[in-house]
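Protein sequences, first through last, are from chains A and B. Counting in numbering that gives the first Met the number 0, the first sequence tops out at residue 156, every number present. Counting in numbering that gives the first Met the number 0, the second sequence tops out at residue 148, every number present. The beta carbon of each residue, even a glycine, is placed where N, CA and C say it ideally should be. Report on the structure given below.
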Amino acid sequence: MPRPSQFMIRASLIWLVVGYTVGGLLLLHKAWPLFYPLWALRSAHIFMLLVGWLVQLSAGVAVWIMPRLVQPGVITGSGDRGDLRLVWLCCGGLNVGVGLVTAHPLLVWLSGGHASAFGWMLALAGAVWLMAVIAFIGNVWQRVRPVIDPIKMISHD
Amino acid sequence: MYRQARFYVRSALIYLLAAFTVAEVLLLNQAFGWDGRLGVLQYAFYHLLMVGWATQLIGGVALWMFPPFTRERPRGNETLGWAAYVALNVGLLLRVVGEPMHALQPGALASGLLAISAVLQVAAAWLLVGQLWPRVRQRITPPSEGRRG
Numbered sequence: 000m001p002r003p004s005q006f007m008i009r010a011s012l013i014w015l016v017v018g019y020t021v022g023g024l025l026l027l028h029k030a031w032p033l034f035y036p037l038w039a040l041r042s043a044h045i046f047m048l049l050v051g052w053l054v055q056l057s058a059g060v061a062v063w064i065m066p067r068l069v070q071p072g073v074i075t076g077s078g079d080r081g082d083l084r085l086v087w088l089c090c091g092g093l094n095v096g097v098g099l100v101t102a103h104p105l106l107v108w109l110s111g112g113h114a115s116a117f118g119w120m121l122a123l124a125g126a127v128w129l130m131a132v133i134a135f136i137g138n139v140w141q142r143v144r145p146v147i148d149p150i151k152m153i154s155h156d
Numbered sequence: 000m001y002r003q004a005r006f007y008v009r010s011a012l013i014y015l016l017a018a019f020t021v022a023e024v025l026l027l028n029q030a031f032g033w034d035g036r037l038g039v040l041q042y043a044f045y046h047l048l049m050v051g052w053a054t055q056l057i058g059g060v061a062l063w064m065f066p067p068f069t070r071e072r073p074r075g076n077e078t079l080g081w082a083a084y085v086a087l088n089v090g091l092l093l094r095v096v097g098e099p100m101h102a103l104q105p106g107a108l109a110s111g112l113l114a115i116s117a118v119l120q121v122a123a124a125w126l127l128v129g130q131l132w133p134r135v136r137q138r139i140t141p142p143s144e145g146r147r148g
């Protein structure tokens with residue numbers, strides 16, 4: 000498993016536990032009201048699990064497991080997984096975006112409800128997520144292909 | 000695919016069926032206006048799909064295909080995986096029962112079910128991560144081959 004995949008999978012596991020913990024607090028709050036501002040974390044809970052956990056884990060595993068790029072006659076061992084800088088960019092973008100949408104309701108609450116002052120955080124989160132998925136697609140697009148034997152250069156579907 | 004992973008994946012498939020059954024009920028209700036109270040099943044649909052299906056399927060496939068922990072104990076601590084399985088499924092089922100009950104007839108019983116469900120689902124996430132975390136690594140190869148990705 001390449002390092003960026005390890006990093007993305009570990010980050011996704013962290014978002015899994017953080018997202019579930021926030022979800023558990025929201026559910027407890029529904030049962031016995033604990034602290035009303037908690038509800039503001041509902042959208043962060045959704046994004047932590049949808050983007051931080053599901054999207055990031057899928058992308059990390061895809062980078063690890065998709066067919067590798069091979070050079071004629073060269074058995075590369077670890078294989079060529081394309082430009083891994085794109086994967087690091089994807090990893091950074093996904094996590095920064097989730098961090099922003101998580102920090103947003105907290106900062107709005109701390110500022111006494113001035114949501115408009117922090118609207119840029121949501122816009123930036125959307126932009127870095129877009130950058131992240133473009134980078135991810137940039138890495139894996141050419142790897143969506145049959146596996147190729149590096150010696151015989153024959154493809155196996 | 001070993002036994003624990005099969006339990007996760009088969010349970011995920013059952014939740015997939017359950018989630019889309021609930022979705023059909025919600026959509027039929029929306030189309031024909033059977034009973035407004037059925038709308039309380041919406042949260043159950045989301046969580047059957049995202050917790051019961053998506054998270055459990057991913058957990059099962061990860062337990063199956065992530066690199067082995069060690070040669071002697073390739074799957075790591077399986078007890079954590081079983082504890083996560085029980086906590087996730089019991090927690091989710093309690094939520095599916097408790098949340099509509101809480102919306103329609105709030106009371107101590109419904110609140111208690113939701114609270115237990117919350118604790119169990121959070122515990123499930125921590126336990127599953129506890130088993131998977133040490134297996135997020137490069138695969139083990141014989142010393143002569145060196146390390147591969």
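From the beta carbon of residue i, is the nearest beta carbon of chain B less than 9 Å away?
i: residue 65 (chain A); result: no
i: residue 9 (chain A); result: yes
i: residue 0 (chain A); result: yes
i: residue 87 (chain A); result: no
i: residue 16 (chain A); result: yes
i: residue 93 (chain A); result: no
i: residue 68 (chain A); result: no
i: residue 48 (chain A); result: yes
Can you check whether the CB of residue j is closer than 9 Å to the CB of residue i?
i: residue 61 (chain A); j: residue 132 (chain A); result: no
i: residue 12 (chain A); j: residue 52 (chain A); result: yes
i: residue 46 (chain A); j: residue 101 (chain A); result: yes
i: residue 47 (chain B); j: residue 84 (chain B); result: no
i: residue 22 (chain A); j: residue 48 (chain A); result: yes
i: residue 22 (chain B); j: residue 30 (chain A); result: no
i: residue 128 (chain B); j: residue 27 (chain A); result: no
i: residue 61 (chain B); j: residue 126 (chain B); result: no
i: residue 90 (chain B); j: residue 56 (chain B); result: no
i: residue 31 (chain B); j: residue 131 (chain B); result: no
i: residue 127 (chain A); j: residue 106 (chain A); result: no
i: residue 157 (chain A); j: residue 142 (chain A); result: With chain A running from 0 to 156 in the structure shown, residue 157 (chain A) is simply not present.
i: residue 7 (chain A); j: residue 95 (chain A); result: no
i: residue 124 (chain A); j: residue 97 (chain A); result: yes
i: residue 92 (chain B); j: residue 52 (chain B); result: no
With a threshold of 9 Å between beta-carbons, can residue i be considered close to chain A, or not?
i: residue 148 (chain B); result: Its pLDDT being 47, under 50, residue 148 (chain B) is placed unreliably in this model, and the value from its coordinates should be taken loosely. Yes, its Cβ sits closer than 9 Å to a Cβ of chain A.
i: residue 132 (chain B); result: yes
i: residue 73 (chain B); result: no
i: residue 70 (chain B); result: no
i: residue 66 (chain B); result: yes
i: residue 77 (chain B); result: no
i: residue 5 (chain B); result: no
i: residue 9 (chain B); result: no
List, in order along the chain, the chain A residues whose C-beta lies closer than 7 Å to that of residue i?
i: residue 110 (chain B); result: 30, 31
Going along the chain, which residues of its own chain have a beta-carbon closer than 6 Å to the beta-carbon of residue i, five neighbours each way excluded?
i: residue 63 (chain B); result: 0, 4
i: residue 58 (chain B); result: 7, 127
i: residue 36 (chain A); result: 108
For residue i, go through chain A and note every residue whose CB falls closer than 9 Å to its CB, in chain order.
i: residue 136 (chain B); result: 0, 5
Going along chain B, which residues have a C-beta under 8 Å from residue i?
i: residue 81 (chain A); result: Within chain B, no residue comes near residue 81 (chain A); the closest Cβ sits about 12 Å away, beyond 8 Å.
i: residue 23 (chain A); result: 117, 118, 120, 121
If we define contact as Cβ-Cβ less than 9 Å, is residue i a contact residue for chain D?
i: residue 101 (chain A); result: Checking the listed chains, one finds no chain D in this structure; the protein chains it contains are A and B.
Run through chain B and tell me which residues come within less than 7 Å of residue i, C-beta to C-beta.
i: residue 12 (chain A); result: 128, 131, 132
Sorry if obvious, but does the Cβ on residue i come closer than 8 Å to a heavy atom of the ligand MG?
i: residue 86 (chain B); result: Among the ligands in the structure shown, none appear at all, so the ligand MG cannot be discussed.
Please list, in chain order, all residues of the same chain as residue i whose beta carbon is under 8 Å from its beta carbon, the five residues on each side excluded.
i: residue 25 (chain B); result: 37, 38, 40, 41, 44
i: residue 79 (chain A); result: 67, 68, 69, 70
i: residue 101 (chain B); result: 109, 110, 112, 113
Who are the Cβ neighbours of residue i in its own chain at under 7 Å, not counting the five residues just before and after it?
i: residue 97 (chain B); result: 109, 112, 113, 116
i: residue 0 (chain A); result: 63
i: residue 50 (chain A); result: 93, 96, 97, 128
> Which residues, taken in chain order from the region 113-124 of chain B, show a beta carbon closer than 8 Å to some beta carbon of chain A?
Replying inline: 113, 114, 116, 117, 118, 120, 121, 123, 124
> Which residues, in order along the region 26-41 of chain A, keep a beta-carbon less than 8 Å from a beta-carbon of chain B?
Replying inline: 26, 27, 29, 30, 31
> Which residues, taken in chain order from the region 35-56 of chain B, show a beta carbon closer than 8 Å to some beta carbon of chain A?
Replying inline: 49, 53, 54
> Got a sec: which bits of the region 50-61 of chain A sit with their beta carbon under 7 Å from any beta carbon on chain B, in order along the chain?
Replying inline: 53, 56
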